[in-house]
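Undergrad: Please see the structure below; I have some questions.
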Ligand code: 4NP
């Protein structure tokens, strides 16, 4: 059976998308689905390629049992549209940027991530980079909700639940 492949995308790939990557990966592993689901993250920009996640994102995630230290930023590429089934953007600008480079034949899901949390509004994960530490906790709250919703959606669609 083919694996389900999920890519989280934000602007820098050092705050929001690595947080989603780590939290979703953790959830997938808790549910015993690591062999069935691959998780990755990337940025629309090339600004932080090769860097570890922002230290504030790492600290906030670690408090919730999620270690992001092994992650390293990369830029999204056209190959990603052939590799991934789900390409999930943190905000509308990320989504617009992805739509501009998406090949015509892409048949996967290219959409916002937060609506999987079924909370109505907001639909975007706010960028915490220029704010304080509490912004990172807020991102985690949102990402945890959306990760649970996304995993439930994938399991239902695959007939795993
Ligand atoms: P991210 O946050 O897109 O969630 O990784 C940002 C990280 C860096 C910058 C902006 C947003 N920056 O301007 O360098």
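Numbering (my numbering), first residue to last: 43 to 203. All C-beta atoms in this analysis are idealised placements derived from N, C-alpha and C, irrespective of residue type, glycine included. Keep in mind it's a predicted model, so treat the numbers as computed, not measured.
How would you write the range of the alpha helix (DSSP H) that residue 124 sits in, first residue to last?
TA: Position 82 of the chain shown, counted from the first residue, corresponds to residue 124. Taken as a continuous stretch (DSSP letters only), the alpha helix (DSSP H) holding residue 124 covers 122 to 125.
Undergrad: Where does residue 101 fall in DSSP's three states?
TA: Within the chain shown, residue 101 is the residue found at index 59, counting from 1. Here residue 101 sits in helix by DSSP.
Undergrad: Within the same chain, show all residues whose beta-carbon is closer than 6 angstroms to that of residue 57, passing over the 5 residues directly before and after it, in chain order.
TA: Along the chain shown, one-based indexing puts residue 57 at 15. Contacts found: 96, 99, 170 and 171.
Undergrad: Are the stretch 106 to 124 and the stretch 57 to 72 in contact at 8 angstroms, needing three or more beta carbon pairs?
TA: Yes, the stretch 106 to 124 is in contact with the stretch 57 to 72.
Undergrad: Tell whether a beta-carbon distance below 8 angstroms holds between residue 130 and residue 182.
TA: On the chain shown, position 88 is the one that residue 130 refers to. On the chain shown, position 140 is the one that residue 182 refers to. No. Outside cutoff.
Undergrad: Would you list the one or two residues that DSSP bridges to residue 85?
TA: Looking up residue 85 in the chain shown gives position 43. In DSSP, residue 85 forms a bridge with 52 and 117.
Undergrad: Is residue 52 close to ligand 1? I mean its beta-carbon at under 7 angstroms from any heavy atom of the ligand.
TA: Stepping through the chain shown from its first residue, residue 52 is reached at position 10. Checking every heavy atom of ligand 1 against the Cβ of residue 52, one is found closer than 7 angstroms.
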